[in-house]
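A.B. asks: Take this structure, written in structure tokens, and hold onto it; I'll ask about it next.
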Amino acid sequence: MSRRKAALIEAGQAAREQRLGLADVERLARDRSPAVRSDIARKFGAQFDEFATGESGELARAVLLLLVRDVAREVRKALAEQLATSENVPADVASRLARDEIEIARPILENSPVLSDEELIDIVRTHSLQYALAIAGRERLGEALCDALVDTGHAPVVARVVENRRAELSKRTLKRILEDFRDCRDVTERLVRRPELPYELVDQLVSLVGERLAWDLVRTRRMTREEAHRIIQAIRDRVSISTVAHEHGERRLERHLRERLAANELGPDEVLGFLREGDIASLEMALSVMSGIELRKVRKLLYSTDRRRLAALCIAAGIPTPHYAALRMALELAESCHAQGGERTYSSEALDFVRAQYERLRLDPEKVKELLDIN
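Going left to right, the sequence shown walks through residues -9 to 365 as the numbering used here numbers them.
Rendered as structure tokens:
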């Protein structure tokens, strides 16, 4: 027998063993232990959609009601895991499993399309925070359900809601999250990454970034001539380093920043921190490492007079809107102050334009690709 034929036979045998059959009924007659019952529950759950839509639908539902009431938690757990994504589970069964012990309820809470937002809201309000945490990970979260989850006041729950791109968060709720959790990095770091943030929120988040970095320039959108000179001089000094020392230092710096990125110690706050400290070498290399774009191109994109190229670079590096706005603000203020002298400010209208342009570009990957194509 050829290897391929043997493999096909083996695969067929394995598939048959995963399906409920007469042998399982006979095994259950001999052994009614929880282990055997949970194995049968797993197989039954995997085939439930097939049973429920066939001629044996009523019988399937009767068996389902017996299994969902089984006293052994491993039986109910095996059943819940298999039924989690089914659209044919009766609403009362889904509700019962969703209110069971959390290890049983979790897959149903996270995935079941049968549960209504109204029922999920009731579960959030009447059960422990573990249930809310599971619900926060659902594929879609309606506005009222988001409000109920945020009402828990539990940072891990709110962080998971904010991270969920399909969570329908109203402007009012977003503002409340920022007010209540501005000192919680787990929440704010996810909040800055949400797409299409309202202008007012970006405005507040830019200030929050400034507070976190202890950088008055970002917090107040105001730059003195001395600050501008320091940034511009740092950029010029970077260009004047000898080629040999430059390349040797770059290899060492790249290795260091890649290690930090792998350890989750390199992100948008650190990128802005490099600019604040005048460490332009680290700023450039960090954007290169985070975007996967070679350093030579990063420099051209970073200092291009076409600011859309800077935006495209930041999108490729995964820089959130508030951090991009702060980076662009700092570079433009530095250039303006250095050229014209005196103190300069960045208006609300300018910040709103920057935010809107960046959000539009994030939704146009083809345009981003075009802007990154620089020689």
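Ideal placement from N, C-alpha and C gives every residue a C-beta, glycine not left out.
Does DSSP put L353 in a helix, in a strand, or in coil?
C.D. replies: L353: coil per DSSP, three-state reduction.
A.B. asks: Distance, Cα to Cα, C304 vs D137?
C.D. replies: Cα to Cα, C304 sits roughly 31 Å from D137.
A.B. asks: Under 7 Å, do Y355 and I309 count as touching if we go by C-beta distance?
C.D. replies: Per the sequence presented here, residue 355 reads as Pro, with Tyr not at that position. No, the Cβ-Cβ distance between P355 and I309 is not below 7 Å.
A.B. asks: Given a cut-off of 7 Å, decide if T116 and V140 are closer than it, judged by their beta-carbon atoms.
C.D. replies: Against a cut-off of 7 Å, the Cβ pair of T116 and V140 comes out as no contact.
A.B. asks: Tell me where the alpha helix (DSSP H) around E64 begins and ends.
C.D. replies: Unbroken alpha helix (DSSP H) run through E64: R63 to L73.
A.B. asks: Would you mind working out which of E45, A307, T75 and T295 sits nearest L285, comparing C-alpha positions?
C.D. replies: Taking only the C-alpha atoms, the option nearest L285 is A307.
A.B. asks: Excluding sequence positions up to five away, which residues of its chain have a Cβ less than 7 Å from the Cβ of A218?
C.D. replies: So the qualifying residues of the chain are L323, A324, C327 and H328.
A.B. asks: List the whole-angstrom C-beta distance separating V147 from L181, where the pair is believed to meet the contact cut-off of C-beta under 8 Å.
C.D. replies: The Cβ separation is near 14 Å, so there is no contact.
A.B. asks: Which value, in whole angstroms, describes the spacing of the CA atoms of R318 and A276?
C.D. replies: Whole-angstrom Cα-Cα distance: 16 Å.
A.B. asks: Using CA atoms only, rank isn't needed, just tell me which of A42, G132 and R209 is closest to L73.
C.D. replies: The residue with the shortest Cα to Cα distance from L73 is A42.
A.B. asks: Residue ranges of each alpha helix (DSSP H) run of no fewer than 4 residues wholly in the segment 156 to 241, ordered along the chain?
C.D. replies: Correct list: 161 to 171, 175 to 181, 189 to 203, 206 to 210 and 215 to 230.
A.B. asks: Look at the alpha carbon of R66 and the alpha carbon of R345, and state the distance between them as a whole number of angstroms.
C.D. replies: So the two alpha carbons sit approximately 49 Å from each other.
A.B. asks: Comparing C-alpha positions only, which one of D82, A315 and Q120 sits nearest to A145?
C.D. replies: The option with the nearest alpha carbon to A145 is Q120.
A.B. asks: Whole angstroms are fine: how far does the CA of A149 sit from the CA of T178?
C.D. replies: Cα to Cα, T178 sits roughly 8 Å from A149.
A.B. asks: Taking A62 and P24 to be in contact with their CB atoms under 8 Å, please state how far apart those CB atoms are, rounded to whole angstroms.
C.D. replies: Confirmed, about 4 Å.
A.B. asks: So the alpha helix (DSSP H) I101 belongs to, where does it begin and stop?
C.D. replies: Strictly speaking, residue 101 in this sequence is Asn, with Ile absent from that position. It spans I92 to N101 - the alpha helix (DSSP H) in which N101 sits, taken as one unbroken run.
A.B. asks: From the DSSP output, read off the bridge partner residues of L131.
C.D. replies: Bridge partners of L131: A157.
A.B. asks: Closest by CA to M213, which one among E77, L56 and A316?
C.D. replies: The residue with the shortest Cα to Cα distance from M213 is A316.
A.B. asks: With respect to the alpha helix (DSSP H) encompassing R51, which residues constitute its N-terminal and C-terminal limits?
C.D. replies: Segment G47 to V58, the alpha helix (DSSP H) holding R51.
A.B. asks: Given that a residue counts as buried once 16 or more other Cβ atoms are within 10 Å of its Cβ, and exposed if not, what is F343?
C.D. replies: By the 10 Å Cβ count, F343 comes out exposed.
A.B. asks: How far does the alpha helix (DSSP H) with L105 in it extend, from its first residue to its last?
C.D. replies: Looking at the DSSP string, L105 is not in any alpha helix (DSSP H), and its letter there is neither H nor E.
A.B. asks: Determine the DSSP secondary structure at D363, reduced to helix, strand or coil.
C.D. replies: Coil, per DSSP.
A.B. asks: Identify which residue in K33, P312, Y336 and G35 has its Cα closest to the Cα of R202.
C.D. replies: When each option's Cα is compared against that of R202, the closest is P312.
A.B. asks: Which residues does DSSP list as the beta-bridge partners of R334?
C.D. replies: According to DSSP, which records beta bridges pairwise, R334 is partnered with M213.
A.B. asks: For G143, which three-state DSSP category applies?
C.D. replies: G143: coil per DSSP, three-state reduction.
A.B. asks: Report the rounded CA-to-CA distance for N33 versus F171, giving the unit in angstroms.
C.D. replies: A small correction: the amino acid at residue 33 is Lys; Asn does not occupy that position in the sequence shown. If I take the Cα positions, the gap works out to 45 Å.
A.B. asks: Could I get the ranges of all uninterrupted alpha helix (DSSP H) runs contained in the segment 283 to 337, with 4 residues as the minimum, in chain order?
C.D. replies: Counting only runs of 4 or more, we get 285 to 292, 297 to 306 and 311 to 330.
A.B. asks: Could you tell me the alpha carbon to alpha carbon distance between L191 and A302, rounded to whole angstroms?
C.D. replies: Roughly 22 Å separates the two Cα atoms.
A.B. asks: In the structure shown, what three-state DSSP assignment does E77 receive?
C.D. replies: Of the three classes helix, strand and coil, the one that applies to E77 here is coil, per DSSP.
A.B. asks: R27: buried (16+ other C-beta within 10 angstroms of its C-beta) or exposed?
C.D. replies: It counts as buried.
A.B. asks: Report all residues from its chain with a CB closer than 7 Å to the CB of R297; omit the five preceding and five following residues, and keep chain order.
C.D. replies: For R297, where only same-chain residues beyond five positions count, the Cβ hits under 7 Å are R318.
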